[in-house]
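A short write-up of the structure that comes next.
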Amino acid sequence: MAAADFSEVKFQDLSEEQSFEHQYTGGWEHFVGGGVAVFDCNNDGYADAYVAGGENPAKLLMNKAAQQIYFTPIDSPVTDLLGVTGAYPVDIDSDGITDLAVLRAGHNVLLKGLGECRFRLANAEWGFETSDRWTTAFSVTWEHDARGPTMVFGNYVDRKKEDGPFGACDNHEFYRWQNGEFVTPQLLSPGYCTLSILFSDWLHQGRADLRVSNDRHYYLHDGHEQLWKLQKKPMLYTESEGWQSFKIWGMGIAARDITGDGLPDYLLTSMSDQKFQVLKPNTTKPDYTDEAFKRGMIAHRPYFGDEGRPSTAWHAQFGDVNNDGLDDLFIAKGNVDQMPDSALKDPNNLLLQDAEGHFHEVGLSSGVADVSRSRGAALEDFNNDGLLDLMVVNRRAKLRIYQNISKVISNTKANISTDKQINLKSSVG
Numbered sequence: 209m210a211a212a213d214f215s216e217v218k219f220q221d222l223s224e225e226q227s228f229e230h231q232y233t234g235g236w237e238h239f240v241g242g243g244v245a246v247f248d249c250n251n252d253g254y255a256d257a258y259v260a261g262g263e264n265p266a267k268l269l270m271n272k273a274a275q276q277i278y279f280t281p282i283d284s285p286v287t288d289l290l291g292v293t294g295a296y297p298v299d300i301d302s303d304g305i306t307d308l309a310v311l312r313a314g315h316n317v318l319l320k321g322l323g324e325c326r327f328r329l330a331n332a333e334w335g336f337e338t339s340d341r342w343t344t345a346f347s348v349t350w351e352h353d354a355r356g357p358t359m360v361f362g363n364y365v366d367r368k369k370e371d372g373p374f375g376a377c378d379n380h381e382f383y384r385w386q387n388g389e390f391v392t393p394q395l396l397s398p399g400y401c402t403l404s405i406l407f408s409d410w411l412h413q414g415r416a417d418l419r420v421s422n423d424r425h426y427y428l429h430d431g432h433e434q435l436w437k438l439q440k441k442p443m444l445y446t447e448s449e450g451w452q453s454f455k456i457w458g459m460g461i462a463a464r465d466i467t468g469d470g471l472p473d474y475l476l477t478s479m480s481d482q483k484f485q486v487l488k489p490n491t492t493k494p495d496y497t498d499e500a501f502k503r504g505m506i507a508h509r510p511y512f513g514d515e516g517r518p519s520t521a522w523h524a525q526f527g528d529v530n531n532d533g534l535d536d537l538f539i540a541k542g543n544v545d546q547m548p549d550s551a552l553k554d555p556n557n558l559l560l561q562d563a564e565g566h567f568h569e570v571g572l573s574s575g576v577a578d579v580s581r582s583r584g585a586a587l588e589d590f591n592n593d594g595l596l597d598l599m600v601v602n603r604r605a606k607l608r609i610y611q612n613i614s615k616v617i618s619n620t621k622a623n624i625s626t627d628k629q630i631n632l633k634s635s636v637g
C-alpha cells in the first residue's frame, strides 16, 4: 500500500475547548515525571485518562467524545492524589476491571477499579508494602503460570541520603503475586537513578526481562544502562553474556519491531541524541547496535527556530498516525527546568516512517510542535474515528489535547491496549 502524503498529516489543538485546565507542577521532585495512563474506566468503548499532577492533584478524565474529543474531570479524594509522578493501567486481580498503579514522590498507591470510573485504595487488601521513595518508573508482566502480576517500581534519587543527590541513586522494588496478594518486595540493586523501565521478551524466549534506562546526571561514574534477567532471584546480564554497557541521560523507553525481524527494537530517549537499539543478527545474546542516526530518529536538536542547544527528550511512543501500515514516532521534549546548556524552546517531535524505514520530522507542519516543557504523552484514538490522537502532559503549562484530522484512510481500530477487560498476560511499562 502506498504511503500517505506526509503533508496530509494534521492535528487540531482542542485544549481550549475543554472544560478544565491541568498542569504538572512542583519543585525538584517534579522536574521529572508527568505521566498519563490511558484506559477505559467505564467500559463505554472510549479511552479515558488519569494524569499526574505533581504538586497539583492528579486528575481522572472521563472521555465524552463524539466527533470531537472532549473530556470531563471526575473529582474524588481517592484519585485526586498529590505527589503523583505517573500511573499505569493494569488488571491486578484479574477481575476484568482495570486497576491503577500510581507512582508518587512518597508512598506508591494501588487503586482497585470498581467500574464506572470508581476506585478504592487497595494497598492493604493486596498486601502491597510501600515506603517513602521517589518513584519514576514502572513495569509489569505475567510470568509463566503465575496467577497474578509481577511488578517493578523504579526509584530515582534516594532523598534520605544527606550527601546526595549526586551519587545517591535509589534501588528498585520487585513484587511478585502469591496466594491473592503481593509478597514482601525484593530490592533490585544497584539502582542508577532510573527514569524508565520495561519488561520485554527481547528474544521471544517466553520470558520478559527488565530493561532499565538510567540518568547519568546523578549516577556519576559507576552507572550504566541495565538488563535484568527475570528468574527466581533476578540477576543482571553481564558483558560475558553479551550485554554491552553504555551511558546516557536515560529518560524513556519505547519498544516496537521496526526492522521487521520479529523482535522488539528499542528507542531510548536522552538529552541530545536518542538511541535506537536493534539486536545484532544471528545472535542469542542481548548484543545491540544503534541505528538512530541511520534511520533519522536521532532528534538531537530543535528542528525550527534559532535554538542551537541540544534537546531534552522524555516520553516516546510508536504508533501509525497516518494509517499507512508503518509505525511512526512521537517524542515529548522539554527542558528539565532552566538548564542553560539545553534548549529552552524545545518542540515535540512527530517522526513519520517511510517505506524504507527512515523517519521524517513533521512536528511543525502537523501542528504538534509545542515548545512547553512536555513530559508524558499518549497516542490514542480518543474519538474512535480510526485515527490516533495525542495527549501531552506539560510541566508548568497546560495539558494539550490534539485531535488527528489527517486526510488519510481510517482503518478499523484494533483495540487491544486500551481495552483491558481480560488479562492479556503481557507486559506494561
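In our numbering, each residue carries its 1-based index in the sequence shown increased by 208.
Built from N, CA and C at the ideal position, the CB exists for glycine as well.
Counting only runs of 3+ residues, the beta strand (DSSP E) found wholly inside the region 214-254 occupies 219-221 and 244-247, in chain order. In this structure, A524 and L537 form a Cβ contact; the two beta carbons are roughly 7 Å apart against a cut-off of 8 Å.
Inside the region 542-572, DSSP marks whole beta strand (DSSP E) runs of 3 or more residues at positions 557-561 and 567-569, from first to last along the chain. Within the model, the alpha-carbon separation for E324 versus G253 is close to 12 Å.
The beta carbon of H432 sits closer than 8 Å to those of Y400, N422, S453, F454 and K455, all from its chain and outside the five residues before and after it, given in chain order. H380 carries a strand assignment under DSSP once its states are collapsed to helix, strand and coil. Less than 7 Å separates the beta-carbon of R419 from that of L435.
Sorting T358, A463 and W522 by C-alpha distance to the C-alpha of D481 places W522 at the top. A distance of 7 Å or more separates the beta carbons of H566 and G470. Distance from the CA of N557 to the CA of D578, rounded to the nearest whole angstrom, comes to 9 Å. In the three-state reduction of the DSSP assignment, H425 falls in the helix class, which pools H, G and I. One alpha carbon belongs to Y610, the other to V298, and they sit about 25 Å apart. Taking C-beta atoms under 8 Å as the contact rule, L318 and N331 qualify, at a distance of about 6 Å. Shown here, A507 sits in coil according to DSSP, grouped into three states, outside any helix or strand. Comparing alpha-carbon positions, the option among A376, V391, A563 and R384 lying closest to T402 turns out to be A376.
If you keep only unbroken beta strand (DSSP E) runs of at least 3 residues inside the region 246-314, you get 256-259, 267-271, 279-282, 292-298 and 307-314. Proximity to G594 across K615, S580, S574 and M443 peaks at K615, based on C-alpha coordinates. If you draw a straight line from the Cα of A257 to the Cα of E564, it is about 35 Å long.
Note on geometry: alpha-carbon atoms of S519 and W410 lie some 28 Å from one another. Here F526 carries a strand assignment [DSSP, helix/strand/coil].
Under the DSSP assignment, A462 falls in the beta strand (DSSP E) whose first and last residues are I461 to R464. With a contact defined as Cβ atoms closer than 8 Å, E225 and K606 miss out at about 12 Å. Between A295 and A245 a beta carbon distance of about 4 Å is seen, short of the 8 Å cut, so the two are scored as contacting. Residues V286, L319, K320 and L322 of the same chain have their beta carbon placed closer than 8 Å to that of R328, with the five preceding and five following residues left out of the count. DSSP places A332 outside both helix and strand once states are collapsed to three, so it counts as coil. The Cβ atoms of G584 and G262 do not sit closer than 7 Å to each other. Each of K272, D562, N531 and E337 was checked against the Cα of K218, and the nearest Cα belongs to N531. For F361, the pairing in a beta bridge is given by DSSP as F346 and E381. At a Cβ-Cβ threshold of 7 Å, K483 and A500 count as neighbours. Between P510 and A551, the C-beta spacing is below 7 Å. Counting only runs of at least 3 residues, the region 457-499 fully encloses the following beta strand (DSSP E) elements, listed from N- to C-terminal order: 461-464, 473-476, 483-487 and 496-498. Annotation for Y610: the continuous beta strand (DSSP E) segment containing it runs R608 to N612.
With respect to the C-alpha of E216, the residue from D589, V529, N602 and E389 having the closest C-alpha is V529. When the Cα atoms are used, F526 and G291 turn out to be separated by approximately 28 Å.
Only residues of its own chain outside the window of five on either side were considered, and among them A345, F346, S347, V360, G362, H380, L418, R419, V420, S421, I461 and G637 have a CB closer than 8 Å to the CB of I405, listed in chain order. Taking C-beta atoms under 8 Å as the contact rule, V240 and Y364 qualify, at a distance of about 7 Å.
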